[in-house]
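Quick note: the sequence shown uses the numbering used here, first residue 44, plus one each step.
From the three backbone atoms N, C-alpha and C, an ideal C-beta is built for every residue, glycine too.
Worksheet: one structure, shown below.
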Amino acid sequence: MTVAWLIVIAMLISILVFPAYQSDASGTKAATNTEADAESGQNSLTNVSENSYEHYLQQYEDEERPNEEIVIRGADFTSANEMNPEIVGELGGISGNFVKTAESGSVGWELEVPTAGLYHIAINYFPIEGKSSAIERELLIDGELPFTSARNLTFNRVWKNESDQIMQDNRGNELRPRQVESPMWQETLFRDTEGYFEEPYLFYFSAGKHTLTLVSSREPMAIDYIKLYRYDGPAAYEEAKADYASKGYNETSGHLIKVQGENAALKSSPTLYPIPDRSSPSTEPYDVSKIRMNTIGGNNWRVPGQWIAWEIEAPEDGLYRIAIKNRQELLRGIYSTRSLWIDGKIPFREMTQIPFYYDSDWQMNVLGSEEEPYLFYLTKGKHELKLEISLGAIAPLIRQVEASLLEINAMYRKILMITGNVPDPYRDYQLDKQIPDMVEVFQKQSDILYAVSEELVRLTGEKSDKTAVLNKTAYQLADLAQKPESVQKRLAQFKINVGSVGAWILQVREQPLEIDYLVLASSDVKLPKANASFGKKTVHEVSSFFHSFIEDYNTIGNTAHDKQSITVWVGTGRDQAQVLKAMIDDTFTPLTGIGVNLKLVNQDVLLRASLAGEGPDVAMQVGNDVPVNFGMRNAAEDLTKFPDYEEVVKQFRDSATVPYQFENQVFGLPEQQIFNMLFYRKDILEELNLDPPQTWEDVYAMIPVLQKNHMDFALPIAQATGVPVLEANRAYAMLLYQMDGSFYSDNGAKSGLDTEIGLSAFKRWTDFYTSYKLPLIFDFPMRFRTGEMPVGIQDYTFYNYLTVSAPEIKGLWEFVPVPGMEQPDGTIRRDVASSGTAAIMLKQAKNKDAAWEFMKWWVSKDAQVRFGREMEGLMGAAARYPTANIEALKELPWPARDYRNLEEQWQWVQGVPEVPGGYFTGRHLDNALREVINNGTNTADALYDYVQEIDYEISEKRNEFNLDGKD
């Protein structure tokens, strides 16, 4: 008895003294490996830091900056890989020898550097017609990447309004002018794309021979020359002022020249189009009820490096003031920064950082210091004034916070490796002993965030929500450093605070600014007031209210009333509708003579409107479930009746039309087709010595490694809220199709889930949750960013989200085709299901031929490419359009490597058929899954039970529509 008690006491002591080593097998293994993992993680962090431009500069900070200029002609390239560079003699109106480089591959040059030191690099380039996106290149020096951000060098295209005059529709509203490319030769320095470094990049070259290589990531361009030289920034205003005096420049008198913002001559992005403002009677031009394109910029003009240029004519030689009527109402607690270029040069140092402070009203910002307005010397004639977004003094703060966030996230992952996602709050994990540097990292990052917050207050002159986020996280980090035993209890809040810091970076690096007009004025001329008087504002508000009863804000653009006109409903946003209407008015209607009344209508009312006989002729962007549901109720037109139908559908993959087919009829044309890809974090898989999985066997081998480190693999989950019909789970569909199964049999009369293949796929699917314990509910975007779920299967539009909303992991992730099943011949079958949207023609359409012409035009390559490019131009990369048109997707601005991955996966896509009662399939498939997970029911029994429910509903619906007995 005594011996037994001694053993029990010894076990208790061991648990208390060594608690973290006593969980389960995997927990023990994780604990024993923690220090090695921590060291590996630290090395990874160090590597990221060592590869940064800051570290690169520190390495060479004592090196000279020689005055030599080395020019390399583009046509003198010495190597090319996976590219056939083309020499041309004339381009952009200039003769010479230029080299055209493609959107993929690389081209290299040899050069001789006479003096070792730090050099700036400039390139004179011409944007070749491509996919309308910015050009991206990677720079290698002697075959090596000098620092991480040299992987993303961006070169802008140049855009302008298609017409000098802003056109109006037949209701008196101004139409947004289409943006077209205006290619021209440009010399630009290699700079940081993100805007984190105001000065151009410096590159170190030792004396002797070197090679320069440009690797194409996106879009083609022609190169005239590459130049290594010393770039010296502009002098201070005091020096410029002394120069004015020494040259005898005098102030002008009596001049006031106004240039409207919307009349910009050139811009760096198609998103920088004129926009309407009806909030104030002081904007020019003004109309109380009609749309007037009277400003430019706003939230569209927010990304570092974007610029807008205006032409302004000086009436005589002399010194002028420059004023800008602007409004910065989107970035509270911080200011928006611009740099001013006049005729391609920054006039003096103070113009590199012009602050525009938050205010909900219009402001007249006279460029100058607190003591005096700055004077600018202009000769008589035309000049170009360019405003470019700069992060200015905020840039080093963002760099510090981003570096902190990476380090905090890495520490968070180390903690998760020990505690798991749901730590026991009553257990002492002794984290400070298992992760020796945890306390030090928390304290150091707390100090950094506090310092950034204080500097932000100094720069802006106020405390705000921007400083509150930093202070809250810094306080928690400091408190965790003092009380490391409380970390596991506060891990959830810690994750929320870290997410807030990530959102802070996104908000602060965006620099919106709206401009009404610019003023060039003599010092003795009074400037116009920025805001209207109280009386004018009152009249404006009252008039706007009464006009709201008269104006039709649902109809977009021109209205048509002739017999050839059709009515089209679109259910997406106003921006999309305006782009579409502009395309209709300048392309479709002139081509066919068919007028289109485009209405912005919530698609939920489509069924009710059709029943009431008030529906449209064509409904666009409807869900996959709508066409067949309308078709079997005789509410949608069978498109196979049109003689050229077969020719039209050759533009799509066969899988795209599957959801719209029923009983040898087709009720819709595909617009979008969305399918899954495998997303993974390159940095984390590298840390864990893992490769992206090619087969499901690789996934089974990967999951234990991830879980040992308290990470997870993400399988797609069905969207259960906010949707009228629960779609069939994409993970199950993937397994079913890869095993050569199908959702329905007997031409849609029975469910195909109770077949041997259906049951086997269901068993494999449920095993992920019962045997491998994958989570069923999770926030994949956040967990992917923090690294808790470094591998997951998501639809490919997740790419757009990561590109825009996760700058802190830029370059650290990739997407590839999904894992598949290896076939006897060694190939891998990677089938996935797709979703999407369609355009349908209602049965009640009065002019079916005209409606068919419109539908054909809309899904054609040219229309889809233009819509996709204009939407991306309008709203940025977040709005990249997932077109179903095969040729159109090739023309959208995907980086070459990413498009190849998409194309490879697209070949394996299968459509999910829609059948009467098919809405039960997704619902009961989800029910069967939860039955197995929650109640431990045998997989075959659970699925059989629910398949009976599905079959019953299908049978009832077929009887309702009198379908049985038909061929």
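Classify residue i as helix, strand or coil using the three-state DSSP reduction.
i	result
Glu729	helix
Trp856	strand
Asn452	helix
Ile58	Bear in mind that a pLDDT of 37 at Ile58, under 50, signals an unreliable position, so the model cannot answer this.
Leu1006	coil
Ile184	strand
Arg381	strand
Trp895	helix
Arg194	helix
Ser586	helix
Glu865	strand
Gln607	coil
Thr840	coil
Asp404	strand
Pro390	coil
Met675	coil
Phe786	coil
Met481	helix
Pro850	helix
Asp530	This sequence places Val at residue 530; Asp is not what is there. Helix at Val530.
Thr581	helix
Pro670	helix
Along the chain, where does the beta strand (DSSP E) that runs through residue i open and close?
i	result
Ile713	According to the sequence provided, residue 713 is Pro. The question's Ile does not apply to it. Note, Pro713: beta strand (DSSP E), Leu712 to Arg724.
Ser149	Gly148 to Val156
Ala882	Val875 to Met884
Glu230	Gln229 to Leu232
Pro398	Ile397 to Phe399
Measuring alpha carbon to alpha carbon, tell me which residue in the options is nearest residue i.
i	options	result
Lys457	Ala177, Glu992, Ala882 and Glu831	Glu831
Ala699	Gly614, Leu623 and Leu712	Leu712
Phe695	Asp681, Gln716, Leu682 and Ala678	Gln716
Glu996	Phe685, Lys793, Ile178 and Asn94	Lys793
Leu100	Phe120, Glu155 and Gly160	Gly160
Ile836	Gly784, Asp868 and Tyr723	Tyr723
Tyr815	Met884, Met745 and Leu623	Met745
Lys425	Ser433, Val465, Val613 and Glu359	Glu359
Trp405	Ala774, Met884, Glu427 and Lys368	Lys368
Asp387	Gln619, Gln704, Thr231 and Glu104	The question names Asp, but residue 387 is Gly in the sequence shown. The candidate whose alpha carbon is nearest that of Gly387 is Thr231.
Arg826	Asp868, Gly542, Pro735 and Asp475	Gly542
Phe710	Val742, Leu728, Met675 and Asp726	Met675
Met126	Arg973, Pro277, Ala939 and Thr581	Ala939
Pro447	Lys423, Lys538, Glu415 and Ser489	Here residue 447 turns out to be Ser, not Pro, going by the sequence shown. Checking every option, the nearest Cα to that of Ser447 belongs to Ser489.
Thr683	Asp734, Lys526 and Ile883	Ile883
Lys579	Tyr329, Asn843 and Val958	Tyr329
Arg194	Arg381, Ile609, Arg234 and Pro439	Arg234
Glu946	Glu930, Ala985 and Glu974	Glu930
In terms of residues, what are the limits of the alpha helix (DSSP H) holding residue i?
i	result
Ala564	Where Ala564 is concerned, there is no enclosing alpha helix (DSSP H), although the beta strand (DSSP E) it sits in stretches over Leu556 to Ala564.
Ser803	Glu799 to Thr813
Tyr13	The chain is shown from 44 up to 1010; residue 13 falls before or after that span and cannot be answered.
Tyr942	Ala939 to Trp949
Lys429	It is not in any alpha helix (DSSP H) - Lys429 instead sits in the beta strand (DSSP E) that spans Gly424 to Ile432.
Leu520	Asp508 to Gln525
Ser138	From DSSP, Ser138 is part of no alpha helix (DSSP H) but of the beta strand (DSSP E) over Ile137 to Thr144.
Val622	Arg617 to Met626
Gln122	Looking at the sequence shown, residue 122 is not Gln but Ser. Element bounds for Ser122: not the alpha helix (DSSP H) but the beta strand (DSSP E), Ser122 to Asn124.
For a cutoff of 9 Å on Cβ pairs, would you count residue i as touching chain B?
i	result
Ala655	Within the model displayed, chain B is absent; a lone protein chain is all it includes.
*Which residue spans inside the stretch 961-1002 form an unbroken alpha helix (DSSP H) run of at least 4?*
962-978
*Should the stretch 545-562 be regarded as contacting the stretch 850-861, the criterion being three or more beta carbon pairs within less than 8 Å?*
yes
_Using 8 Å as the cut-off, can you tell me whether the stretch 960-971 makes contact with the stretch 277-292, which would need three or more C-beta pairs spanning the two stretches below that distance?_
no
*Counting pairs of beta carbons, one from the stretch 460-480 and one from the stretch 491-507, are three or more of them closer than 8 Å?*
No, because fewer than three Cβ pairs between the stretch 460-480 and the stretch 491-507 fall closer than 8 Å, the two stretches do not touch.
_Ranges of the alpha helix (DSSP H) found wholly within the stretch 239-326, counting only runs of at least 4_ = 280-290
*So does the stretch 256-270 actually touch the stretch 171-178, counting three or more Cβ pairs closer than 8 Å?*
yes
_Does the contact criterion of 3 or more C-beta pairs under 8 Å hold for the stretch 390-410 versus the stretch 571-585?_
At 8 Å Cβ cutoff, the stretches touch.
*Would you say the stretch 292-302 touches the stretch 558-572, given that touching needs at least three Cβ pairs under 8 Å?*
Result yes; three or more Cβ-Cβ pairs closer than 8 Å.
_the stretch 870-888 / the stretch 792-809 touching (three or more Cβ pairs under 8 Å)_ = no
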